[in-house]
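> Protein chains in written order, with full-length UniProt numbering: chain U, 1 to 330; chain S, 1 to 330.
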DNA sequence: CTGAAAGCGCTTACAG
DNA sequence: CTGAAAGCGCTTACAG
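1. Taking 9 Å as the threshold (C-beta atoms), are residue 250 of chain S and residue 275 of chain U in contact?
2. Apart from the five residues just before and just after residue 98 of chain U, which ones in its own chain have a Cβ nearer than 7 Å to its Cβ?
3. Just how far apart, CA to CA, sit residue 123 of chain U and residue 216 of chain S?
4. Helix or strand or just coil, what does DSSP make of residue 70 of chain U?
5. Return yes when at least one heavy atom of the ligand ZN lies under 8 Å from the C-beta of residue 232 of chain S, else no.
6. Quick one, are the C-beta atoms of residue 235 of chain S and residue 176 of chain S less than 9 Å apart?
7. For the structure I just gave you, are there three or more beta carbon pairs, one from the region 137 to 149 of chain U and one from the region 158 to 165 of chain U, closer than 8 Å?
8. Who are the neighbours of residue 272 of chain S on chain U, taking C-beta pairs under 8 Å?
9. Where residue 265 of chain U and residue 158 of chain U are concerned, what is the direct C-alpha to C-alpha distance, given to the nearest angstrom?
10. For the beta strand (DSSP E) holding residue 236 of chain S, just list the boundary residues, first then last.
11. Taking only three categories from DSSP, how would you classify residue 212 of chain S?
12. Count the other CB atoms within 10 Å of the CB of residue 254 of chain U; is the residue buried (16 or more) or exposed (fewer)?
13. Chain U beta carbons: is any one of them nearer than 9 Å to that of residue 321 of chain S?
14. Among the residues of its own chain, which have a CB less than 6 Å from the CB of residue 33 of chain U, if the five just before and after it don't count?
15. Determine the DSSP secondary structure at residue 325 of chain U, reduced to helix, strand or coil.
16. Throw me the rounded Cβ distance for the residue 70 of chain U and residue 79 of chain S pair, which I believe falls under 8 Å.
17. If we count Cβ pairs, one from each stretch, closer than 8 Å, do we get three or more for the region 236 to 246 of chain U versus the region 205 to 219 of chain U?
18. Do you know whose CA, among U/181, U/185 and U/173, lies nearest residue 199 of chain U's CA?
19. Am I right that residue 114 of chain S and residue 47 of chain U are in contact with their C-beta atoms under 8 Å? What's the rounded C-beta distance?
20. Could you give the DSSP three-state label for residue 304 of chain U: helix, strand or coil?
21. For residue 152 of chain U, which residues from the same chain have a beta carbon less than 6 Å from its beta carbon, with the 5 sequence-adjacent residues on both sides left out?
22. Spell out the partners DSSP gives residue 105 of chain U in its beta bridges.
23. Please classify residue 316 of chain S: is it buried, with 16 or more other beta-carbons within 10 angstroms of its beta-carbon, or exposed?
24. Tell me residue 75 of chain U's beta-bridge partners as DSSP assigns them.
25. List the residues that DSSP assigns as beta-bridge partners of residue 263 of chain U.
26. So what's residue 204 of chain S in DSSP terms, helix, strand or just coil?
27. Taking residue 23 of chain U as the query, report the chain S residues whose CB atoms sit under 7 Å from its CB, ordered along the chain.
28. Taking the straight line between their C-alpha atoms, what separation do you get for residue 195 of chain U and residue 84 of chain S?
29. Which term fits residue 20 of chain U, buried or exposed, when burial requires 16 or more other beta carbons within 10 angstroms of its beta carbon?
30. Answer yes or no: do residue 63 of chain S and residue 296 of chain S have a C-beta to C-beta separation smaller than 9 Å?
31. Between residue 83 of chain U and chain S, is the shortest Cβ-Cβ distance under 9 Å, so that the two count as touching?
32. Could you tell me the alpha carbon to alpha carbon distance between residue 81 of chain S and residue 280 of chain S, rounded to whole angstroms?
33. Please classify residue 15 of chain U: is it buried, with 16 or more other beta-carbons within 10 angstroms of its beta-carbon, or exposed?
34. For residue 11 of chain U, I'd like the list of residues in its chain whose CB is within less than 6 Å of its CB, leaving aside the five on either flank, ordered along the chain.
35. With DSSP as the reference, label residue 291 of chain S as helix, strand or coil.
36. So with CB distances below 8 Å, who are the chain S contacts of residue 50 of chain U?
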């Protein structure tokens, strides 16, 4: 019922080989053949069977994308970017969401790796050894995690963090709180380190709370922990936690930006939606996604030469909105 | 380099046929054979090539999922649910995001349809005829859109809408605004119709504004249009628009819930994150996603009999939070 | 430029 | 219960 290469060949009075060439590498057949095949194929409504092609070519035209949580607003822009970039390169993307369960990552990666040309692991939560195992499944690029011997797209938190602390210090804040993310998060470690350094350099006192899950609810909880603290400003591991803090403060009748300055990280679409709007550190998720696709393609195409795995580092910067303001007088 | 069925067969001293059976239908071989094959396969690290299997079986074990916008918080829960349900059934899901461009839907569907067993189209924006064409590409289930001759998962807006209007009327609101979604949105039509009916029955005056894009920014714009209106409460096409309205009102120094009651639709995770928290009509996105997978599987498995295409209708209900309150005295 | 042949790695009637 | 054979629909050296 569905028309195959052989059907087209028969209709043209040509061999399947020739039809195949006419369609995929028109330069290698006569102009006459090319035109005829093109016409007949169109008339018959022929569309190549990608599965068959995959089998004989050893390439599926598919890449796998694994993220911790589609519902966390940090990831959708990445997913969109990967998807868009892949589509432009005629690739299709299969998606898996691990629901923030680190233990599921390897499993999902195993399944996907069998039907894709390569994998993009975004913010993987697995411990070191398991990450290495994932890397061995096939061509893999990591986003937001440095993995030895593998191409990775990293976020350089240093600049953004420094700008953030500078901003707060300039506003008169001397005691800054950091609401830590989960321990399994690689970027939490990076962020904590960067902020610690920035505070040391700029003469601010740092107090750390947490760890907290990257969810609004955790921020609500964090807000209450802040009560006895001298911190007049807090930087949250991500925007979700920051939003939770804001919501809770408002609920308690406190003014965010006056009584307490709150800053998020990610600059997710949410930041502009909150009220007051959330000052946040921009993390270029979309660029990271697109870059990851490019890197993966490089690996797939250049399977021969083994150049040192590329490591792209993307920059962060502060976006000031309304949730941060002058330190309150004491 | 990668071990195949044939390798395992040779190592076992059996034919590939037998090894294939031992692995996929153990009941059809001797216990001894079964055990041996299982052991050897494991030892050799054999994993079946899914592409080859797909080609010979005519099933890819993959389903396609097309959504308008991954970044719209209404869709992630659906995506997660589809993904989770599919994973449990040993299916992998390939995702496409059309960026709210109705014109891209058919194209993306065409590409995907060639490498999946079936398609799930969520809230498709294409006009009628093009939707029909998509339906002809292969087994397809539609979510949030009624398509003749095709299984669909629909959202029954009537209950939720009625509850919403009842709630507002009970609070003393007599003039209600509806901030319409885009014309291409099927559910916008449904919602508009349902709210119109509810208002008529409950004796409230309805004023419609829009259409607006499902984005926060559009809500900001809508808030200003409300200025001269007698409406003391508004129901927005979706939570994003509602949030925009809220943000803008707060910016203008007005109190949401007092000066103006605002209600969203979708009850997306966002609703609980806003301040004040957003009263919204719950739309069971996750259930819809899971149901869609089940329906699709039914179609795929029962290709023989042609029972009338199932049409599942999911209910909506009101979730009262803090953005709605008594009508202000005039 | 074109064709016959082999191969990609599995599955599945058909015999035995 | 097991095997030989054909087939899924394409691609690609190898000849000519």
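Here a beta-carbon is modelled for each residue, glycine too, at the ideal position from N, C-alpha and C.
A quick note: this is a predicted structure, and the numbers were derived from the prediction, not measured.
According to the structure data:
1. Numbered from 1 along the first chain, position 275 holds the residue referred to as residue 275 of chain U. Numbered from 1 along the second chain, position 250 holds the residue referred to as residue 250 of chain S. The answer is yes: Cβ separation under 9 Å.
2. Here the question's residue 98 of chain U lines up with position 98 in the first chain. So the qualifying residues of the chain are 66, 68, 104, 105 and 108.
3. Counting from 1 along the first chain, the entry for residue 123 of chain U is found at position 123. Counting from 1 along the second chain, the entry for residue 216 of chain S is found at position 216. Answer to the nearest angstrom: the Cα atoms are 27 Å apart.
4. One-based indexing of the first chain puts residue 70 of chain U at position 70. The answer is coil: DSSP assigns residue 70 of chain U none of H, G, I, E or B.
5. The ligand ZN is absent from the structure shown, which contains no ligands of any kind.
6. Counting from 1 along the second chain, the entry for residue 235 of chain S is found at position 235. Counting from 1 along the second chain, the entry for residue 176 of chain S is found at position 176. Pairing residue 235 of chain S with residue 176 of chain S gives a Cβ-Cβ distance under 9 Å.
7. Taking 8 Å as the limit for Cβ pairs, the verdict is that the region 158 to 165 of chain U does not touch the region 137 to 149 of chain U.
8. Along the second chain, read from residue 1 onward, the residue named residue 272 of chain S stands at position 272. Chain U residues near residue 272 of chain S: 216.
9. Looking up residue 265 of chain U in the first chain gives position 265. Looking up residue 158 of chain U in the first chain gives position 158. In a straight line, the C-alpha of residue 265 of chain U is about 12 Å away from that of residue 158 of chain U.
10. Taking the first residue of the second chain as 1, we reach residue 236 of chain S at position 236. Residue 236 of chain S -> beta strand (DSSP E) spans 233 to 236.
11. Working through the second chain from its first residue, we reach residue 212 of chain S at position 212. The answer is coil: DSSP assigns residue 212 of chain S none of H, G, I, E or B.
12. In the first chain, counting from the first residue as 1, residue 254 of chain U sits at position 254. It counts as exposed.
13. What you label residue 321 of chain S is simply residue 321 of the second chain in a count that begins at 1. By this cut-off, residue 321 of chain S is not an interface position.
14. For the purposes of this step, residue 33 of chain U is taken as the residue at position 33 of the first chain. Same-chain partners within the cutoff: 22.
15. Position 325 of the first chain, counted from the first residue, corresponds to residue 325 of chain U. Assignment of residue 325 of chain U by DSSP, reduced to helix, strand and coil, places it in the coil class.
16. Taking the first residue of the first chain as position 1, residue 70 of chain U is located at position 70. Taking the first residue of the second chain as position 1, residue 79 of chain S is located at position 79. Yes, they are in contact, since the Cβ atoms of residue 70 of chain U and residue 79 of chain S sit about 5 Å apart, within 8 Å.
17. Taking one beta carbon from each stretch, the region 236 to 246 of chain U and the region 205 to 219 of chain U have 3 or more pairs nearer than 8 Å; the two touch.
18. The residue you call residue 199 of chain U lines up with position 199 of the first chain. Among U/181, U/185 and U/173, the Cα nearest to that of residue 199 of chain U belongs to U/173.
19. The sequence position of residue 114 of chain S within the second chain is 114, counting from 1. The sequence position of residue 47 of chain U within the first chain is 47, counting from 1. So it is a contact: roughly 6 Å between Cβ atoms.
20. Stepping through the first chain from its first residue, residue 304 of chain U is reached at position 304. Note that residue 304 of chain U has pLDDT 49, beneath the 50 cutoff, so the model's placement of it is unreliable and no number is given.
21. Locating residue 152 of chain U in the first chain gives position 152, where the first residue counts as 1. The answer, listed in chain order, is 142, 146 and 311.
22. Here residue 105 of chain U refers to the residue found at position 105 when the first chain is read from its first residue. Residue 105 of chain U is not bridged to any residue.
23. Numbered from 1 along the second chain, position 316 holds the residue referred to as residue 316 of chain S. Counting Cβ neighbours within 10 Å, residue 316 of chain S comes out buried, since at least 16 surround it.
24. On the first chain, position 75 is the one that residue 75 of chain U refers to. Residue 75 of chain U is not bridged to any residue.
25. Position 263 of the first chain, counted from the first residue, corresponds to residue 263 of chain U. Partner(s): U/235 and U/279.
26. Counting from 1 along the second chain, the entry for residue 204 of chain S is found at position 204. If DSSP states are grouped into helix, strand and coil, residue 204 of chain S belongs with coil.
27. For the purposes of this step, residue 23 of chain U is identified with residue 23 of the first chain, where counting begins at 1. Listed along chain S is no residue with a C-beta nearer than 7 Å to that of residue 23 of chain U; the closest approach is about 15 Å.
28. Here residue 195 of chain U is taken as the residue at index 195 of the first chain, counted from 1. Here residue 84 of chain S is taken as the residue at index 84 of the second chain, counted from 1. Taking C-alpha positions only, residue 195 of chain U is separated from residue 84 of chain S by approximately 37 Å.
29. The residue given as residue 20 of chain U occupies position 20 in the first chain. It counts as buried.
30. On the second chain, residue 63 of chain S is found 63 positions in, with the first residue counted as 1. On the second chain, residue 296 of chain S is found 296 positions in, with the first residue counted as 1. Cβ distance < 9 Å, so residue 63 of chain S and residue 296 of chain S count as in contact.
31. What you label residue 83 of chain U is simply residue 83 of the first chain in a count that begins at 1. It does; some Cβ of chain S falls within 9 Å.
32. For this step, residue 81 of chain S is matched to residue 81 along the second chain. For this step, residue 280 of chain S is matched to residue 280 along the second chain. So the alpha carbons of these two residues sit roughly 21 Å apart.
33. Locating residue 15 of chain U in the first chain gives position 15, where the first residue counts as 1. By the 10 Å Cβ count, residue 15 of chain U comes out exposed.
34. One-based indexing of the first chain puts residue 11 of chain U at position 11. Closer than 6 Å at the Cβ level, and outside the excluded window around residue 11 of chain U, lie 40.
35. As a working note, residue 291 of chain S is residue 291 in the second chain. Three-state DSSP puts residue 291 of chain S in a helix.
36. Along the first chain, read from residue 1 onward, the residue named residue 50 of chain U stands at position 50. Against chain S, a Cβ distance below 8 Å from residue 50 of chain U picks out 114 and 115.
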